[in-house]
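Reading through the structure tokens given below for one structure.
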Amino acid sequence: MNIVVETDRLIIKEFEEADVLSLYKIESDKKIIEFLPWVKLSNEKECRRQIKKYINEYKKNKLNSWAVAIKETGEIIGITRLIYSNKIKGVELGTKILPEYWNKGYASELSRAIVDYGLYELGIDEITAVTDINNAGAIKSLINMGMQLKKYGYYNGTEAAFYSIKRE
Ligand SMILES: CC(C)(COP(=O)(O)OP(=O)(O)OC[C@H]1O[C@@H](n2cnc3c(N)ncnc32)[C@H](O)[C@@H]1OP(=O)(O)O)[C@@H](O)C(=O)NCCC(=O)NCCS
């Protein structure tokens, strides 16, 4: 298991081939898709292909997608990623957590850790997160982890809030 970052309660690790069903459970969850309708992996086959892609990318890129697991049980409860985005011309943070684990502070906790990893280990100057303006949970988790509102705008046709944090 290749761990990227650990927090008090969570492990952020590279995806492995054995994680296909966990990825599918997250990617097919209706409540998650509600706020991210443009990202869809609609079946297990696509998830298997996606994991192979991730594994291949780990060898080449520092910016990636990773699995979020509960330390005590090993259960994968989410995905987080740092990617270069052409839309914002910079590095973007994205996180998905299974709804049964919402509002327990997991996104705030892991975002803080993965953003620190990006800013201080990878040397990124600024990390941005974009969220639907109606996505109150996402906005709160970004504020909790220390991001600040940069602007409002459109993202994939959706009215969005752009939050960001810079290296000190
Ligand atoms: C956004 C998401 C990752 C947040 O995960 P989470 O683990 O529940 O986040 P946290 O528990 O760290 O923080 C959520 C905060 O929002 C608050 N919140 C939730 N719903 C809310 C609402 N309707 N109004 C106001 N605050 C709300 C919670 O109380 C919590 O704040 P607190 O800890 O200060 O009380 C999760 O909801 C998710 O996966 N959503 C679908 C995908 C998505 O939208 N990703 C974000 C793209 S930027």
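Reading the sequence shown from the start, the letters are residues 0 to 167 in numbering that gives the first Met the number 0.
Virtual Cβ for every residue (Gly too), placed ideally from N, Cα, C.
Fill in: DSSP bridge partner residues for GLU108 (one or two, in chain order)
DSSP output for GLU108 lists no bridge partner at all.
Discussion item. For ligand 1, is there any heavy atom lying closer than 7 Å to the beta carbon of PHE34?
Written reply: yes
Worksheet item: If you follow the beta strand (DSSP E) that ILE123 is part of, which residue opens it and which one closes it?
Response: It is not in any beta strand (DSSP E) - ILE123 carries neither H nor E in the DSSP assignment.
Item to complete: Quick one: measure Cβ to Cβ for LEU62 and ILE82, integer angstroms, because I've assumed they're closer than 8 Å.
Response: 5 Å
Discussion item. Rounding to the nearest angstrom, what Cα-Cα distance links LEU118 and ALA112 in this structure?
Written reply: 10 Å
Worksheet item: Who pairs with LYS12 in a beta bridge, going by DSSP?
Response: ILE2 and ALA66
Worksheet item: Taking one C-beta from the stretch 5-20 and one from the stretch 45-53 each time, how about it: are there three or more such pairs within less than 8 Å?
Response: yes
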